Amino acid sequence: MFDIILKRKEGTNVLKGIKLRIYPNRTQQNQLEQMFGNDRFVWNQMLAMMNERYQNNKALPFLGKFKLNYLLKPLKKEYLFLKNSDSSSLQVVNEFLTQSWKNFFQDKTGQIGKPRFHSRKYLKKSYTGKSTIRITGKRYLKIPKLGYVKTSKTGVLQNTKIKRYTVLLEPTGKYYLSLQVEISEPEK
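When we follow the numbering used here, the leftmost residue of the sequence shown carries the number 11, and every step to the right adds one.
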């Protein structure tokens with residue numbers, strides 16, 4: 011099963027979204043649970059730090075994603091289990107958190123509140139990464155920190171460049187891989 015969605019144009023290249031079903035084995039499923047939890051943990055740790063900073067002095071300059079990424083290294087030294095995650099996924103968490111704070115500060119209507127903590131019971135389990143995914147066989151992909159994962163189809167990924175990926179677990183228990191790929195625009 012796969013879906014192809016046109017997202018936007020960039021010059022002669024087109025960005026598309028492709029959704030593939032993946033079939034991780036038991037160890038990979040445990041690793042994915044760890045990665046989902048690590049992303050949630052980093053979100054909550056960075057959010058707590060930013061909330062405390064905002065409450066103590068609202069005039070302090072806003073921390074951007076690069077400054078938050080700089081704080082990941084000491085966080086990984088303190089919490090060794092974070093090394094089990096793909097580092098690019100933790101950087102994407104910081105990017106999303108930064109965007110949430112920007113939306114909060116730029117909202118003049120008051121409809122967008124401050125970013126919230128993510129609960130352990132949150133049903134949407136996913137992580138997004140920017141690392142390289144390779145096609146290794148007819149139905150296999152190599153995903154960072156997971157290794158070789160069986161997938162539904164890889165033929166749709168021929169002649170594409172993967173920009174970003176998201177691994178998600180549906181409430182039904184099925185795993186999916188959403189890819190943002192760049193393909194050259196077909197000749198008219």
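Cβ coordinates follow ideal geometry from the N, Cα and C atoms, glycine included.
Since the structure is predicted, the reported quantities are computational estimates derived from the model, not experimental observations.
Listed in chain order, the beta strand (DSSP E) elements of length 3 or more contained wholly in the segment 98–186 are 135–139, 150–153, 157–161, 171–179. Going by beta carbons, TYR175 and THR138 fall inside the 8 Å limit. Note on geometry: alpha-carbon atoms of GLN168 and LEU107 lie some 33 Å from one another. When the alpha-carbon of GLN41 is set against those of GLY27, LEU178, TRP111, ASN61, the nearest one is in LEU178. In terms of Cβ geometry, LYS75 and GLU105 form a close pair [threshold 8 Å]. Within its own chain, the residues whose Cβ lies closer than 8 Å to the Cβ of TYR150, once the five positions on either side in sequence are excluded, are TYR158, VAL159, LYS160, THR161, THR164, listed in chain order.
Ranked by how close their Cα comes to the Cα of ARG130, the residues GLY47, ALA69, PRO34 have GLY47 in first place. Only residues of its own chain outside the window of five on either side were considered, and among them VAL52, GLN55, LEU92 have a CB closer than 8 Å to the CB of LEU85, listed in chain order. Judged by DSSP in its simplified three-state form, LYS68 adopts coil rather than helix or strand. Within the same chain, THR22, ASN23, VAL24, ASN169 come within 8 Å of SER194 by CB-CB distance, once the 5 residues on both sides are set aside.
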